[in-house]
Each structure stands twice: as C-alpha cells, then as structure tokens.
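Student:
2 protein chains.
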Amino acid sequence: MTNKKELDKITPMEVDFAKWYTDVVKNGNLIAYGPTKGSLIFKPNSYGIWEMIQKELNSIFKSKGIQNVYMPLLIPESLFALEKEHIAGFNPELATVTHVGNKELSEKLYIRPTSEVLFADLFKKSINSYNDLPMIYNQWANVLRWEKTTNPFLRSREFLWQEGHTSHSDPTEARRFTREMINTYAKFLKNFLAIPTIVGRKTPREKFAGACSTYTIEAMMKDGKALQSGTSHYLAQNFSKPYEIKFKNKENKEDFVYQTSWGVTTRLIGALIMTHGDNRGIIIPPRIAPTQVDILELFANKDEKVSKVAKKLFIDLGRKFRVNLDSSEKNPGFKASNSEIQGVPLRIEIGPRDLQENKVTIVRRDTLEKELVDLKDVKDRVGILLEDIHNNLYESAKERLKNRTVSVNDYDDFKKEIEKSNFVVAPFCCSDEAEERIKEETGATARCIPIKDLFKPENQESCIIPECKNGTKRYVVFAKAY
Amino acid sequence: MTNKKELDKITPMEVDFAKWYTDVVKNGNLIAYGPTKGSLIFKPNSYGIWEMIQKELNSIFKSKGIQNVYMPLLIPESLFALEKEHIAGFNPELATVTHVGNKELSEKLYIRPTSEVLFADLFKKSINSYNDLPMIYNQWANVLRWEKTTNPFLRSREFLWQEGHTSHSDPTEARRFTREMINTYAKFLKNFLAIPTIVGRKTPREKFAGACSTYTIEAMMKDGKALQSGTSHYLAQNFSKPYEIKFKNKENKEDFVYQTSWGVTTRLIGALIMTHGDNRGIIIPPRIAPTQVDILELFANKDEKVSKVAKKLFIDLGRKFRVNLDSSEKNPGFKASNSEIQGVPLRIEIGPRDLQENKVTIVRRDTLEKELVDLKDVKDRVGILLEDIHNNLYESAKERLKNRTVSVNDYDDFKKEIEKSNFVVAPFCCSDEAEERIKEETGATARCIPIKDLFKPENQESCIIPECKNGTKRYVVFAKAY
C-alpha cells in the first residue's frame with residue numbers, strides 16, 4: 361500500500377464525481393460494505409468523526425437542557441398505525457419482524473424508521489400538567505429505511521442519527537423551538553464542519569410525513585448538488601391527538617401538547633467529504649477531526665533524536681490537540697500518504713536533516729503547503745494553522761455556494777441554470793403539481809423556502825412556470841439533490 | 361410528588377427484594393416500559409450512567425489501541441448459519457425480518473444478538489497478512505435476544521452493550537488478550553462502579569455458544585444472588601475456519617486467525633442498583649455518577665443571598681465535579697427527596713440560617729450523614745467525601761462478598777448454604793450432568809472456576825456430588841443467579 365498505489369485508486373472528481381465519491385469512501389479507513397445489500401460498516405475514521413459530532417452536539421444540547429434517553433428499536437404495528445399520514449409515508453420502507461425463532465409473532469413489529477410514535481407513547485405516560493412541560497428529550501440511535509437505491513453515508517438502509525422530541529404547552533413556544541433547533545444545526549455545521557447552509561422551510565410536497573411544517577438546512581456539494589443536512593419539524597398536535605398526549609393547562613383544562621422533532625444523521629459525514637474533499641481523498645475540518653495532527657517520525661529507526669523529539673512533541677501537543685504518533689518503520693512516502701488519505705488536517709514530519717537546525721516540517725492537508733517551523737514555535741503554529749484550515753475550508757465552501765446560486769424569472773433560464781448544476785432561486789406557487797412538473801422536466805427539486813431573503817429575484821410577479829395560474833407564493837431554492 | 365409519597369412507593373428490600381428492585385427502577389428517573397412486552401425505555405438518569413460508562417471505558421480502550429467501529433444491525437441467515445454451535449445457541453431468540461412493506465424478502469434477516477459473524481465477514485475482507493494483525497475493534501450497539509422472562513436492565517429483549525472483536529496471528533497472544541480484557545472489566549467495576557467481582561472461567565455448560573473458553577466476572581447482589589457482569593471469550597479458530605479468515609504468516613504460509621470477543625452491557629446498571637441501593641432507592645457511585653453533586657437552594661425565593669451563593673458554588677464546583685443546581689421554588693423536603701431517589705452521591709443544602717454563619721449542609725447519599733461545612737472548605741470537602749463514598753460503597757460490597765462466600769465439601773452443607781443465598785465454593789467434576797442435577801436440586805448454577813484460588817476447600821479429593829465417579833476437576837463457585 362504505497363503512496364502511488366493509493367492515489368491511483370481515486371478517480372479525479374472532474375472526471376466523474378460519483379465515482380470520485382465512491383473511491384474516496386472506500387479508502388481512508390472510512391467504510392466497508394456489509395453482508396446485506398446497501399448495508400454499511402463504519403470503520404474507525406468515519407465512526408471517529410461521528411463520535412466527535414456526538415460529543416460536540418451533546419455539549420450544545422446539554423446547554424439547552426436537552427436530556428438524552430434511549431427508546432426501543434421495535435414498534436408494534438398497532439401503535440404505528442395511529443397517525444395515518446405518518447405510516448403512509450414510511451410503510452413501503454419498513455423492515456418488519458414477523459417471527460422469533462420458528463414462531464410467528466401475534467403482531468408485526470417494525471424496526472424504527474424514526475421514533476415519533478415511541479416518544480408519543482412515552483409522553484402520554486409521563487405528562488400530566490403544564491408543570492411537566494416543556495419535556496425535551498433526545499436519543500442517539502440507529503434507524504432503518506429500506507431505500508431502493510443506496511449511497512454510502514448519503515442514503516443507506518441503516519443509519520445513525522440523533523432524534524430530538526419535545527412536548528410543549530404552547531404552540532408559539534413549540535414553533536420557536538423548531539426554529540431554534542434548525543438554527544442550532546446551521547451554526548453547528550458552520551462552526552464545526554465548516555459547511556455553510558441555506559436555512560429554510562420545506563414546501564408541502566417535501567415536508568416530513570406527519571409534520572405541520574419542516575425546516576431544513578441545505579448544503580451545496582462540490583458538484584453543485586444539494587444535500588439536505590438536518591431537519592426540524594413542527595408537529596403541532598398531529599401526534600398528540602391520535603396518541604392522546606394530554607395535559608392540564610394553567611386554567612386546569614385539558615389540552616393536547618404541541619410537539620417538535622429534529623435530527624441530524626451520519627449523512628453529515630457524506631456532506632463533509634463532498635464539501636471539502638479533493639482528489640487525494642477526504643479532508644476533515646479540524647474542529648471535528650478525531651485526529652487533528654499526525655506526527656510522523658521519518659527514518660525513525662536510523663536516528664534516535666527523531667524518535668525522542670517526536671515523543672516529546674506528541675506529549676506536549678497532546679495536552680491541547682488530538683494527536684497521533686506514527687513511529688512505525690514504514691517509509692516516509694507511505695506515512696505522508698496515509699495521513700493525507702485519512703484527511704488529517706495537519707501532519708508534522710520529523711526528519712534527521714530538519715532536526716539539525718531544530719526544525720520540523722508542517723504540512724496542511726487543505727492546501728498541501730509545507731513550512732519549516734522552529735521546534736519551540738510548533739505548538740503555537742499548530743493552533744494557528746488549525747484555525748486557518750477551518751476558516752479556509754469554510755470560506756471556500758461559502759464562496760462556491762454564493763457563486764453557484766442564481767436568481768431567475770424565466771423558465772428557460774431556470775432549466776439552463778439547473779443543467780449547469782447550480783442552485784436556482786425562483787418565484788414559485790408551491791403547488792405539488794408544479795413541483796412534480798419541474799422535477800420531471802429538469803431533475804431539480806424544491807430544496808427550501810429560505811428564511812432570509814438572500815436571493816430576491818427582481819420580478820416578483822408570477823410563478824416560474826409560464827402557464828401557472830396559482831400566482832407566486834414564495835421564492836424557492838431549486839437544485840438537483842442527493 | 362412529595363417526599364413521603366415517593367418513599368412509600370419503594371417496598372423495603374428486607375420484605376421483598378424483587379419487588380424492591382422493580383420499585384427502585386420505576387422511580388429515580390431510571391426507566392419506563394416500552395410498547396412491546398419486555399421492552400425498556402432508558403430515561404435520563406439510567407442513560408446518563410450508561411454514557412458515563414461509555415466515556416470511561418472508551419478512554420481505557422483507547423489506551424489499549426482498541427478502535428471503535430459500527431457494524432450493521434441485520435445478519436443474513438446464510439451468513440449466520442456457517443458456525444453451527446453459534447446459531448444453535450441463539451436461534452430460538454432471534455428476531456427475524458421477513459418483509460419490507462408488503463414484500464417478502466428473498467432471505468431472512470436476523471437482528472443481531474451479537475456480532476461475531478459480522479466481524480468475521482469484515483475480518484475476512486480486511487486481513488491479508490500477519491502485518492495486519494492483531495486487528496482490534498470494538499462497537500457500541502443495541503442487540504436483541506428474545507428472552508422468555510425479562511427484568512429491567514438484567515434481562516431485556518433489547519439491550520445496549522459494547523462488543524469487542526479481535527483477530528490475532530498467534531493463539532498465545534489471543535488467549536492472553538482474552539484474559540487481559542476480563543481483568544480490565546474487573547478493574548473497571550472496582551474502580552468506577554465500586555463493585556468487587558470474582559474473576560473466573562465458565563464451565564463447559566455455561567460458556568458462550570461458539571467459544572473455546574469463556575471468562576466471566578461474577579458480582580454478588582445484596583440478596584446474595586450472583587450477577588454475571590462481563591465476559592471475555594477465546595474463540596480460537598472456531599469462527600475463522602468456517603468464515604475463512606485467513607492470513608499469511610511470517611513463513612508466508614496460510615493460517616486461520618485466532619480470535620477473541622468480549623463485552624459488558626446495560627446490565628451493569630442493574631448490578632450497580634442491586635449492589636449499592638437502599639430502601640430509598642439507587643445510590644450511584646461517585647466516579648460514574650452523571651451528577652456527582654446536587655446543589656439545592658432552600659427557600660430560594662425568600663433570600664437573595666441563598667441564590668447568589670448557590671450560583672457561585674455551582675460555577676466553582678463545576679470546574680472540578682459534575683454538578684446540578686436546583687433553584688426551583690419547590691419545597692426543601694421535595695428537593696432533598698428528589699436528589700436522594702435519583703441516587704446523587706452528595707447534595708449541598710444552602711439555606712438562610714446556615715448562611716448566616718457562612719456555612720452550608722452537605723449530605724452523603726450512602727450514609728445519609730449530614731455535616732455543616734464552612735463555605736471556603738466546601739470544594740475540598742466535596743472531593744474528600746466523593747472519594748470516601750466510593751471507598752465505603754466498595755468496602756461494604758467487598759465485605760458482603762467475603763462474608764457470604766463459603767467453602768463446603770459436603771453436598772448437604774452445599775444445599776444449606778445455597779438455601780441461605782450464599783456463594784458456595786465446592787470441588788466439582790465440571791460435567792454437564794452434575795451441573796444439571798445441582799441446578800434441579802438447589803436452583804444454583806456454576807458461576808465460574810475462579811482464576812485465583814481464593815476459596816480453597818480443605819478436602820480436595822472428590823466431587824461435591826456424593827455418587828459422582830468423575831473425580832474432582834476444579835473448585836467451582838456456585839450460586840443462585842440472575
């Protein structure tokens with residue numbers, strides 16, 4: 361497994377983006393395929409990213425008073441069936457347990473595709489009065505949705521996620537919480553994954569099955585396609601009525617609670633790869649990287665000083681950063697390539713020649729720039745470079761999102777811009793039929809109705825579809841999407 | 361929900377230990393029952409303990425070079441069936457997915473009861489030569505085993521665990537690793553859960569289906585029953601042969617890898633409750649407690665100083681300990697009771713009267729002792745008391761284990777001691793038939809063959825069963841068990 365050989369495995373993204381993505385995820389210690397079609401094994405590097413996402417989100421959740429719980433995997437058919445729109449939306453994708461050993465069960469059990477109905481059952485048992493509200497729970501769990509076509513991280517039959525579920529006494533508070541969580545996600549993606557997003561509301565056709573409204577964050581991948589990266593749903597009383605989640609309000613009258621649910625998934629790992637990756641593989645943003653700095657001993661076996669300095673640096677940097685030490689006897693080219701392909705933001709190469717001048721070489725994964733740094737300055741320099749890499753990754757992605765988002769008022773222009781794989785903002789009537797037509801004719805879907813009017817078209821009069829009689833409701837972002 | 365009312369809910373353990381346990385787990389923010397029989401909801405307090413267990417074990421695992429991965433939930437029947445003893449052991453408990461939506465699948469899929477065969481598949485794909493070995497993976501996951509009788513935490517159909525899986529080039533190294541992991545668990549239970557255990561090997565009848573040998577740690581609950589609290593299996597080549605996990609050794613010859621697997625589960629939460637709990641509920645050992653110190657403002661609304669001091673203490677203690685602040689307007693009795701029932705090791709009561717002398721009251725959950733402490737000494741005192749609580753819990757449990765473990769050479773004595781719910785050490789032939797007979801006649805099972813000869817009986821000549829012709833093989837610990 362040499363430098364050359366590894367790099368040969370990755371198709372350049374300019375040649376074939378889809379192939380580039382598949383090549384990248386198969387390398388870099390990211391995934392292996394499981395024994396059933398569309399199943400995925402998270403290898404140490406991708407699971408390590410997920411653990412970092414969990415750690416940082418948990419800390420944010422804690423500051424908001426969100427409590428973690430764990431709900432059962434299996435949902436009885438009768439419980440699932442109470443909310444009709446919800447089960448209709450998920451039914452074709454439900455993996456169904458019918459037997460244990462050789463015995464048939466008296467009722468079918470579904471593997472959770474999401475846990476609204478389980479939380480509904482818990483809320484029903486736990487809530488008595490407005491004093492118990494708001495009740496704000498989250499769980500980290502695996503869920504299954506039997507997708508027809510699969511793509512690692514982006515669309516797999518089993519994925520990992522967090523799903524938050526809340527009950528409120530007041531619809532205004534619940535609506536506010538729905539928006540608070542989508543903004544929390546947008547900030548998290550910006551601050552930790554270096555991914556800019558457009559925050560908006562889904563059109564009726566794209567909203568979550570059972571929700572009153574769905575908010576989303578939409579990110580732009582390097583090929584110009586959109587990736588829905590997190591959602592937050594206002595459920596109103598859509599679940600609390602059929603599931604009878606009642607509470608006594610301050611006037612001692614009975615009411616049904618108002619609910620929200622919200623989640624991000626291991627899809628974020630795909631978002632990160634397709635936002636920052638290059639033809640050498642994944643680039644992990646420093647604040648979320650399981651390893652921030654690789655320390656590589658070059659010719660470790662030939663020079664005692666190399667090994668001594670490396671160990672000292674490992675301990676010293678380890679107090680402040682997440683550091684890994686490669687003191688194996690593999691050749692320098694292999695070590696550098698191995699660090700690159702795993703997407704570690706910085707590597708420090710410690711070799712006998714540099715050490716004669718008390719220097720080491722620091723290499724950035726994003727720009728591949730190398731610099732010789734005095735040993736005494738390494739710690740400070742690492743801190744500065746990691747911040748710089750984060751900012752550089754974020755600004756590059758933001759620049760792309762800005763440059764490739766265009767406003768149109770004409771349907772022919774719309775088609776041309778979609779063909780160029782841009783995000784297109786257009787006035788739109790938001791009807792299901794118009795959305796279906798656009799999808800058929802262009803391959804694009806309505807990504808969201810942006811919260812902020814960032815991309816206001818000049819002419820606000822009519823829907824983008826020429827013959828449309830519905831009138832313009834909103835400015836909507838369209839794009840081809842994963 | 362007042363003090364009195366909550367306490368009334370818990371049956372004293374002297375009256376009915378099983379009822380006491382059920383009452384405790386239903387209180388203290390620990391569990392709720394899910395919608396299918398035997399399914400469990402982990403509420404914030406129990407899930408918080410599990411998160412702490414994860415955190416501490418992950419840190420230990422990392423220091424040993426163990427890498428976390430995540431494997432798929434579903435196992436195809438054909439893959440599972442390759443190791444005959446393994447599937448025979450698990451088959452009656454396997455939840456089986458046969459349909460997706462209304463469509464029948466071409467092959468049955470089992471929800472993992474454990475992931476040996478999934479890891480076998482991954483190892484087969486990942487290992488080429490001795491250079492790739494040892495390969496040491498762990499995963500945190502949910503698993504399902506359709507148990508006939510269930511008991512919260514101790515035996516539930518779905519539980520959470522970590523399962524480690526390793527491949528080695530050398531049987532000696534693999535055997536050593538098996539023992540290293542069981543000793544790691546014993547140390548973890550001692551140092552973090554304050555639970556002493558007996559480390560030993562399982563008899564052939566009790567070993568894991570598919571293992572060559574199984575090591576176990578056995579803890580003694582307050583009712584004298586044993587709880588198997590962690591296991592480590594030497595799998596030899598039992599999986600690598602049917603699953604064809606081959607590698608080229610140093611002589612460039614092909615061999616099959618030697619494997620181990622090892623795990624602890626959410627059962628540890630049950631162990632902790634039944635080792636340390638009292639008639640007021642759970643007592644969480646300080647090093648694993650999600651909240652180590654509850655700060656309670658008494659008469660918060662009536663005295664500004666109380667609230668000011670409480671907030672300052674919350675920030676100050678928060679730098680070193682896991683602290684929670686209750687500044688609600690609930691009455692003092694409720695607050696104290698709430699802290700007690702949730703098992704928080706220490707609570708600090710801040711009231712106007714004590715504050716006049718610049719003092720606060722610290723209450724230990726284990727002994728319920730109260731002491732008045734000068735504000736300036738609180739931080740030091742909290743540190744000392746938390747250590748003291750850990751030691752006190754551990755020493756009490758150790759004393760019980762010592763006092764209630766007896767050696768016998770006579771089968772009538774054996775029966776009497778088992779009847780008294782003691783651990784009984786006896787010379788034993790280790791045959792399946794003898795074990796079945798003991799179980800039928802006394803209700804006890806062979807817990808383990810201790811690694812250390814702590815309980816050597818005087819007469820080492822014959823098996824404890826009078827008519828047994830097999831001769832004595834080992835000194836074995838017997839007990840009634842969960």
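These protein sequences, in sequence, are chains P and W. Mapped onto my numbering, the consecutive letters of the first sequence carry residue numbers 361 to 842. Mapped onto my numbering, the consecutive letters of the second sequence carry residue numbers 361 to 842. The beta carbon of each residue, even a glycine, is placed where N, CA and C say it ideally should be. A quick note: this is a predicted structure, and the numbers were derived from the prediction, not measured.
1) Quick one: Cα of W/Ala441 to Cα of W/Asn451, how far?
2) Against W/Gln427, what residues of chain P qualify as contacts under a CB-to-CB distance less than 7 Å, listed in chain order?
3) Who are the neighbours of P/Trp506 on chain W, taking C-beta pairs under 8 Å?
4) Rounded to whole angstroms, what is the Cα-Cα separation between P/Ala579 and P/Pro810?
5) Chain W beta carbons: is any one of them nearer than 9 Å to that of P/Glu518?
6) Can you tell which of P/Trp521, P/Val768, P/Pro564, P/Cys828 has the C-alpha that lies nearest to the C-alpha of P/Lys415?
7) One question on the structure: do P/Ala571 and P/Val559 come within less than 9 Å of each other, judged by their Cβ atoms?
8) Can you tell me whether DSSP reads P/Leu685 as helix, strand or coil?
9) Shorter than 9 Å from the beta carbon of P/Thr362 to some beta carbon of chain W?
10) Quick check on the DSSP output: the alpha helix (DSSP H) that includes W/Arg536 runs from which residue to which?
11) How big is the Cα-Cα spacing for W/Pro432 and P/Gln702?
12) Report yes or no: do the stretch 374–384 of chain W and the stretch 482–497 of chain W share at least 3 C-beta pairs separated by less than 8 Å?
13) Determine the direct distance from the alpha carbon of P/Lys739 to that of P/Lys868, and round the result to whole angstroms.
14) Helix, strand or coil: how does DSSP classify W/Ile642 here?
15) Can you name the residues of chain W whose CB is closer than 7 Å to the CB of P/Thr396?
16) Looking at C-alpha atoms only, which residue of W/Asn751, W/Tyr754, W/Gly803 is the closest neighbour of W/Phe774?
17) Taking any Cβ of chain W, which residues in the stretch 648–680 of chain P have a Cβ under 9 Å from it, in chain order?
18) Measuring CB to CB, does W/Phe838 end up less than 9 Å from W/Ala806?
19) Please list the partners that W/Ile701 has in chain P, where partner means a Cβ-to-Cβ separation under 7 Å.
20) Could you check which residue in P/Ile675, P/Ser699, P/Lys665 has the C-alpha nearest to that of P/Arg713?
21) Going by DSSP, name the residue or residues bridged to W/Asn498.
22) Name the chain P residues whose beta carbon is nearer than 9 Å to that of W/Asn387?
23) Give the secondary structure of P/Met634 by DSSP, where H, G and I count as helix, E and B as strand, and everything else as coil.
24) How many Å lie between P/Asn548 and P/Leu417 at the Cα?
25) For W/Pro473, go through chain P and note every residue whose CB falls closer than 9 Å to its CB, in chain order.
26) Where does W/Arg647 sit, in a helix, a strand or coil, going by DSSP?
27) Looking at P/Arg561 and P/Thr574, is the spacing between their C-beta atoms short of 9 Å?
28) Specify whether the stretch 394–406 of chain W and the stretch 506–526 of chain W touch according to this definition: at least 3 beta carbon pairs, one from each stretch, less than 8 Å apart.
29) Ends of the beta strand (DSSP E) at W/Leu595?
30) Who are the Cβ neighbours of P/Asp530 in its own chain at under 8 Å, not counting the five residues just before and after it?
31) Please report how far the alpha carbon of W/Leu685 lies from the alpha carbon of W/Pro645, in whole angstroms.
32) So is P/Leu761 buried or exposed if we call it buried at 16+ other beta carbons inside 10 Å?
33) Using a Cβ-Cβ distance cut-off of 9 Å, determine whether P/Ser486 contacts chain W.
34) According to DSSP, is P/Glu566 part of a helix, a strand, or is it coil?
35) Mind pulling the chain W residues with CB within less than 7 Å of P/Asn511?
36) With 16 as the cutoff for other CB atoms within 10 Å, does P/Ser589 come out buried or exposed?
Tutor: Taking the geometry as given:
1) If you take the alpha carbons of W/Ala441 and W/Asn451, they lie about 10 Å apart.
2) Pro404
3) Val460, Gly461
4) 12 Å
5) So yes, P/Glu518 belongs to the interface.
6) Nearest option by C-alpha distance: P/Trp521.
7) no
8) strand
9) Summary for P/Thr362: the model assigns pLDDT 34, below 50, so the residue's position carries little reliability, and this model does not support an answer.
10) 531–551
11) 22 Å
12) no
13) Nothing in the structure corresponds to residue 868 of chain P, since chain P is present only between 361 and 842.
14) coil
15) Pro432, Leu434, Pro436, Leu469
16) W/Gly803
17) In summary, no residue of the stretch 648–680 of chain P has a CB separated from any CB of chain W by less than 9 Å.
18) yes
19) By Cβ distance, chain P contributes nothing, its closest Cβ being about 16 Å from W/Ile701, past 7 Å.
20) Out of P/Ile675, P/Ser699, P/Lys665, P/Lys665 has the C-alpha closest to the C-alpha of P/Arg713.
21) W/Asn498 is bridged by DSSP to W/Asn428, W/Gly524.
22) The premise fails here: W/Asn387 is roughly 13 Å from chain P at the closest Cβ pair, so nothing lies under 9 Å.
23) In the structure shown, P/Met634 sits in a helix (DSSP, three-state: H, G or I).
24) It should be pointed out that residue 548 of chain P corresponds to Phe in this sequence rather than to Asn. Roughly 8 Å between the two C-alpha positions.
25) Correct list: empty, because the minimum Cβ distance to chain P is about 11 Å.
26) helix
27) yes
28) yes
29) 586–596
30) Tyr618
31) 19 Å
32) buried
33) yes
34) helix
35) Chain W residues near P/Asn511: none, gap ~16 Å exceeds 7 Å.
36) buried
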